[in-house]
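Before any comments, here is the structure.
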Amino acid sequence: MVTHESGGHHHPPSGFIRKYIFSLDHKVIGIQYYVLALFSVFVGMALSLLMRIHLVWPSAKMPFTPGGQMTPEQYLALLTMHGSIMVFMVLTTAPQSGFGNFILPIQIGAEDMAFPVLNMLSFWVTFLSLVVLISAFFVTGGAPISGWTAYPTLSALGQIAGPGQGAGQTLWVIGVAIFCIGALLGALNFITTTVDLRTKGMTLGRMPLTVWSWLITAILGLLAFGVLLAACLLLLLDRVAGTSFFIPGGLVVTDTPIVSHTGGSPLLWQHLFWFFGHPEVYIAILPGMGVTSHVLSTFSRKPVFGYKAMVGALSAIGFLGFCVWGHHMFISGMSPYSAFAFSLLTMTIGVPSAIKTFNWLGTLWGGKIRFTTAMMFGLGFVSLFVTGGLSGLFLAQPSIDLYLHDTYFVVAHFHLIMGVASIFGIFAATYFWFPKMFGRMLNETIGKIHFWFTFIGVYTIFMPMHFLGLAGHPRRYADTTGVNFLAPLHSVHYFITIAAMITITAQLLFLFNFFYSMKAGQKAADNPWNATTLEWSIPSPPPFDNFAGHIPVVYRGPYEFSVPGATDDYIPQHVTPERVGKAH
Amino acid sequence: MPGTITDEIEIIDAGRGGGNDIPAGGDDDGEGPGGGSPGIPQRAYFTVIQLGLAGIVMFFMALTSSFLVRKGLGNDWVTFNFPRILWLNTLILLASSITIQIARRHLHEDQRAAFRRWWSVTTSLGILFLAGQFIAWRQLAGQGVFLVTNPSSSFFYVLTAAPGLHLFGGILALLYVSHRNWQRARISQGTAADVASIYWHCMDGLWVFLFALLYLGR
Amino acid sequence: MRRKSGEQGSAAVAFTLATFLLIFTIVTVYLFVAKILWFPPAISQFGTQIDEQFHRTLIITGIVFVLAQLGLALAIFRSRERGQKVSFFEGNPAMEFLWTLATIIMFVGLGLYGEHAWAEARFQGAAPGALQLEVTGQQFAWNFRYAGPDGKFGATKPELVSASSGNPLGLDPRDATSKDDVVSPVAYVPAGQEVELLIRTQDVTHSFYVRELRLKQDAVPGMTIHMHFNATVPGQYELACAELCGLGHYRMRSFVNVVSPEEFDKWMRDQETALQQQ
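These protein sequences, in sequence, are chains F, U and W. Quick note: our numbering has the first sequence finishing at residue 960, numbered continuously throughout. Quick note: our numbering has the second sequence finishing at residue 1115, numbered continuously throughout. Quick note: our numbering has the third sequence finishing at residue 282, numbered continuously throughout.
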């Protein structure tokens, strides 16, 4: 193995604060983001569990409903915070800032991110935004009730529009704005590091697909979060300073005329929000696609099928992701002609997504699959991505979306694709990289049980929701008793709630496995999976500067598995050509 | 053996000593260029500033399109007297772009005293610009034009405050360049000055764009 | 490198996973084919067109769904570790090209085809002579307004809005044209006649949604949005709000009664009479 020396003198950090709290080490920061996401996902699941229980047992007494049952506004507050916490604090952080931070520098042969101080800052800014967001629960009026999408005028009029729309909504807007800043700072680091800090021999064409996905995701974030920040600024001004960016005149709320606002446009918010919002959902899924390609290849002992096409597809999805935001707004009052344009562009995005799916199947075909838990979550990802993605084809057509918009069909679609496929990407990444991160193996038996409960569970939760949507069940309904045509659907809700209770409980298995194995799991070798990329060439866990001063040089692509003529069924990227064993 | 890159390349080319994992150079105690910590390639600083500017541009593009949409929506857009001081402020900012270029040239020619002088002039012009913006706000308030008076004034305040804040950040960057202890920095002063001036020029250009937008759209 | 433990468990896991995918696919297809929960029947020509496009999409996505899930199941089962040699290939440009082309044709073709129905509903306005029906949403009720014999909607003023004193729309009594405006919490429309909806809201965004009409349109503050429909099947159809509007969103509901033209005329006359008596 040939290395070259890094330029300088390295000191490991000392002291608990420097090592674990205000750490500059990308590995610690990655774990910090991951733990933030882990905390958030359990909060988010708890919120959804309460929502599901209320839908089928409305008179159930909850801990925070002193004396009585959950009110509709409490349900909507749970709903708003569930969506906000899951989308921002779990799906945007764990796959990208969590694993990306830990693994990306190592996979490209760097000793850290380009700007460690900026990296640390971006984590703590994100942490602050979580604190601000959660504090909305504890102010007068409680958390906001306008959904994670916060459409004005409901989100802009203040307390008069409903409970939680006072201080709660203001804290939400501030929390999200702070999150935007943290995300922007993180994106800067990811892109600069990937562009400028690759080691010798690590050309763009030899980068693992995980690195490609993190790079493109960071570009999406860089270009999208600024727009959300602008939108939040304008909304905040409407709320606290009396401006009318989003509030038109002539409004009457509960017989009270609103005289202090005039001329604003609620649609303007929707355009700004969804211009961010659509790239955001690709931010949530792209890293999972990268991990799936990586994991499928490693455990099929075969190169990724169509590496170039995979990179092209990631890029196409990223680019097109900026062109389709209007498909969230077909029914909004937007011009029907632009709806037509957005629709065609959205159907087009299905094409690179299909290419990726074909290529995953092509990766598996003819391989020799080893069914580790990581692999199973990767395979689950493919199945879920297909199911969730295909329902998008219905929603992408405005004539069909006319009926399905704002029904449970949409809820099914985005949960399968974001709430599940993306989560499976996170699980696959966890089971795959846990040995590297913590020096110990996760228990495979518990892992497989966790997989089965989760895989079967999520399908039983979300497949029935498609049918609720076809029956016309609107979403964000706190109760099914207000509308007659919902009465026959109650048994489906019951089924979904039971499925949700079981599936969420099963996640405790994962939590147990995670923390138990960290301390008492089987010790991990440097390369327990016989994988090829650079993180597997260093000890588990890695030394503080990753390569102990000996930066690797890269000689080949990232997926050289079962190369004809080689003795081993894998050739790591950093092994010199002379040292590759030849079969005789 | 000294652990320089050239030695490594020779070993890589030779490819001999197969099986020898010990990297040439042994224990490298050396200091990287410019100080104690290992440096990243200086071009990374140029990468990050360009990326940062891209993010900032998106933020302002969102505000700009909101401005255009809102203006086109109704007939409640009221013109107000554009504070004349804004023209002076713009000239001051343009002047600061010139002075920062002069300062940079001096730095690259190692004329430290001249560099410091022109760099401070730039910083002072920047502060003067911000002071001028405050005066413009006061003048508007004197006319009775506040943030909520009318959509046109709302956007005026937002589209002057936002670049003002970014320019304030730029002033902090200028102060960083003139006051940092360069012995212990990863970045070289030349690079820092170059990066800060790229940011400065772009903020200047952004202001000119927003100024034109506000003036033509008033 | 061979791992012994992997081989033994591998067949069982592969079989279970593949079987699960197979069962999942069959159950899903069955549920869609059997239509265990489905749209209510459409009551307009436009609605039928939408249903047809839905069917087309269902068939295409159904085929892709089955092929993909079963393809995954087959790949998993076939490639389980059983001491075989890996067939090494890194891609197949011809196949890539073919399936990309097929996908483009299918997806974009489907999208283009579906634009018919959309264009008909949205690119053109209501036919002249359509019945004008204004619907106003508010937290948390719907109110319908008919222009009355003079054919004009009277002026409304925000400060006159008072649901509690029976003037939820804030009709201005000083405007002569508002005197014959019929305001009703439920809608009556004549079957077989084009109706033009003027969708408004007083406070926040709501959404006018009647399943059987296959019609949904957001009511946006500051806008009056025009939609049109022609209902052919008499009946009572429930209207549910479909955009989160606050704590009462789940109970913001009303009815659209499609009746014969004679019944509609009678209903209108009764409303006018009641107005005059006030």
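Cβ atoms here follow ideal geometry from the backbone N, Cα and C, with glycine treated the same way.
Determine, for residue 517 (chain F), whether the minimum Cβ-Cβ distance to residues of chain W falls below 8 Å. no
Residues that residue 210 (chain W) bridges to, as DSSP identifies them: W:223
Tell whether a beta-carbon distance below 8 Å holds between residue 665 (chain F) and residue 696 (chain F). no
Can you give the Cα-Cα distance for residue 616 (chain F) and residue 532 (chain F), rounded to whole angstroms? 9 Å
Rounded straight-line distance, which links the Cα of residue 1035 (chain U) to that of residue 435 (chain F): 58 Å
Should residue 1078 (chain U) go down as buried or exposed, given a rule of 16 or more other Cβ atoms within 10 Å for buried? exposed
Using DSSP bridges, identify the partner residues of residue 260 (chain W). W:191 and W:241
For residue 1061 (chain U), which residues from the same chain have a beta carbon less than 7 Å from its beta carbon, with the 5 sequence-adjacent residues on both sides left out? 1027 and 1030
Going by Cα to Cα distance, which pick from F:853, F:729, F:651 and F:763 is closest to residue 958 (chain U)? F:651
Here's a check: name, in chain order, each residue in its chain whose Cβ is nearer than 6 Å to the Cβ of residue 559 (chain F), leaving out the five neighbours to either side. 597 and 601
Within chain F, the residues that residue 213 (chain W) reaches when beta carbons sit closer than 8 Å: 782, 848 and 850
Output, in sequence order along the chain, the residues in the stretch 935-946 of chain U whose CB is closer than 7 Å to any CB in chain F. 935, 936, 937, 938, 940, 941, 944 and 945
Of the residues U:1000, U:1044 and U:937, which one's Cα is nearest the Cα of residue 636 (chain F)? U:1044
In chain order, what residues of the same chain lie with their CB nearer than 6 Å to the CB of residue 213 (chain W), ignoring the 5 residues before and after it? 220, 244 and 246
Mind listing the chain F neighbours of residue 967 (chain U)? Cutoff is C-beta to C-beta under 8 Å, in chain order. 621, 639, 640, 641 and 644
May I ask you to list, following chain order, the residues of the stretch 1089-1110 of chain U that have a beta carbon less than 8 Å from some beta carbon of chain F? none
If contact means a Cβ-Cβ distance below 8 Å, which residues of the stretch 541-563 of chain F contact chain U? 560 and 563
Beta-carbon proximity check, residue 851 (chain F) vs residue 762 (chain F), cutoff 8 Å: no
Measure the beta-carbon distance from residue 868 (chain U) to residue 1075 (chain U) and round it to whole angstroms, keeping in mind my assumption that it falls under 8 Å. Residue 868 (chain U) lies beyond the range of chain U shown here (898 to 1115); nothing can be said about it.
Quick one: Cα of residue 93 (chain W) to Cα of residue 912 (chain F), how far? 24 Å
Assigned exposure category for residue 926 (chain F) - 16 Cβ within 10 Å defines buried: buried
Tell me which residue opens and which closes the beta strand (DSSP E) that residue 204 (chain W) is part of. 198-205
Looking at residue 732 (chain F): is its Cβ nearer than 8 Å to the Cβ of residue 816 (chain F)? no
Check distances from the C-beta atoms of the stretch 1076-1090 of chain U to those of chain F and list, in chain order, the residues that come in under 8 Å. none
So the alpha helix (DSSP H) residue 841 (chain F) belongs to, where does it begin and stop? 820-846
Under the three-state DSSP convention, the category residue 1066 (chain U) falls into: helix
Please identify, using Cβ separations under 7 Å, the residues of the stretch 661-680 of chain F that lie next to chain W, in order along the chain. 676, 677, 678 and 679
Going residue by residue through the stretch 49-129 of chain W, where are the continuous alpha helix (DSSP H) segments of at least 4 residues, counting only ones entirely within it? 49-82 and 97-126
Proximity to residue 23 (chain W) [Cα-Cα], best of W:55, W:80, W:43 and W:35: W:80
Sequence-distant residues of the same chain with beta carbon closer than 7 Å to residue 920 (chain U), five excluded per side: Confidence at residue 920 (chain U) is low in this model, with a pLDDT of 33, below 50, so its placement is unreliable and no value can be given for it.
Would you identify the three-state DSSP class for residue 44 (chain W), choosing helix, strand or coil? coil
Do we get a CB-CB distance below 8 Å when we pair residue 201 (chain W) with the residues of chain F? no
Once you ignore the five residues that flank residue 707 (chain F) on each side, which residues in its own chain have a CB closer than 6 Å to its CB? 781
Interface flag, residue 907 (chain F) vs chain U, CB-CB below 8 Å: no
Roughly how far, in whole angstroms, is the beta-carbon of residue 458 (chain F) from the beta-carbon of residue 406 (chain F), given that I think they are within contact range, below 8 Å? Not confirmed; about 25 Å, so no contact.
Hey, is residue 947 (chain F)'s beta-carbon within less than 8 Å of any beta-carbon in chain W? no
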